[in-house]
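The opening position of the sequence shown corresponds to residue 1 in full-length UniProt numbering, with each subsequent residue numbered one higher. For reference, the structure is listed below as structure tokens.
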Amino acid sequence: GTYVWYPSGSFLYNTVSAAQREAAVSEELVKDIRATGLVSYRYETAQGLATKVLHVYDMELPRNWRPFNGNGEIDGFTLMKIPDMLNDMRNHPENWKPNSMIVNIDLAMRRGYITPDDPDYLELAHSLRVSEPHLDLEHYIGHMRDGR
Numbered sequence: 001g002t003y004v005w006y007p008s009g010s011f012l013y014n015t016v017s018a019a020q021r022e023a024a025v026s027e028e029l030v031k032d033i034r035a036t037g038l039v040s041y042r043y044e045t046a047q048g049l050a051t052k053v054l055h056v057y058d059m060e061l062p063r064n065w066r067p068f069n070g071n072g073e074i075d076g077f078t079l080m081k082i083p084d085m086l087n088d089m090r091n092h093p094e095n096w097k098p099n100s101m102i103v104n105i106d107l108a109m110r111r112g113y114i115t116p117d118d119p120d121y122l123e124l125a126h127s128l129r130v131s132e133p134h135l136d137l138e139h140y141i142g143h144m145r146d147g148r
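Pasting the structure below:
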């Protein structure tokens, strides 16, 4: 699918816009969305290592609410209880995009489904944020000078 990012919009604006486009979330439901932090990860590309920082937002939804594909970009939605989701991620990681996994692990930790008593808690907690995400200011400034 095509990812639409509005550079003039805030992180919140872009998050709300994506929720409305991709899951047909109404304006009424997104009014209570709130920032809860960020996660980051690093992965290998043809050009070398890339770091992604994801701003995390939570939104409470009514029990009977179900998303539907608002724009054709999403293959589908599956409603899962958090313990079932964690079990699926552990047993079938190939079914999950890395950015979805890390955000959902963060959610499970914040909601107490993964606790310090879990054997891999420390490793998971550390994996939610890569050390020293690198911001190439010279590259960014060059783009600003070039008008890009």
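We put the CB at the ideal spot given by N, CA and C, even for glycine. From a predicted model like this one, the values you see are computed outputs, not experimental measurements.
DSSP beta-bridge partners for Thr15?
Paired residues: none, contrary to the question.
Is the region 16-23 in contact with the region 65-74, if contact means three or more CB pairs nearer than 8 Å?
Taking one beta carbon from each stretch, the region 16-23 and the region 65-74 have 3 or more pairs nearer than 8 Å; the two touch.
For Ser26, three-class secondary structure by DSSP:
coil
Alpha carbon to alpha carbon, what distance is there between Ile82 and Tyr113?
7 Å
What is the DSSP secondary structure of Val103, counted as helix, strand or coil?
helix
Beta strand (DSSP E) containing Leu54: first to last residue?
Gly48 to Asp58
Kindly give me the distance between the Cβ atoms of Leu29 and Val39, rounded to whole angstroms, as I take these residues to be in contact under 8 Å.
Leu29 to Val39, Cβ: 23 Å. No contact.
What first and last residue would you give for the alpha helix (DSSP H) that runs through Arg90?
Ile82 to Asn91
Would you say Lys52 and Asn99 are within 8 Å of each other, going by their C-beta atoms?
Yes, the pair counts as a contact, with Cβ atoms nearer than the cut-off.
Would Asp106 be called buried (16 or more neighbouring beta carbons within 10 Å of its own) or exposed?
buried
CA-CA distance, Arg34 and Glu60?
Distance between the alpha carbons of Arg34 and Glu60: 10 Å.
Taking DSSP as the reference, what is the three-state secondary structure of Phe77?
coil
Counting only the same chain and skipping the five closest in sequence on each side, list residues whose C-beta sits under 8 Å from that of Phe77.
Ala23, Arg66, Pro67, Phe68 and Asn69
Can you find the residues in the same chain that come closer than 7 Å, C-beta to C-beta, to Val130, ignoring five residues on each side of it along the sequence?
Ser40, Tyr41, Arg42 and Thr51
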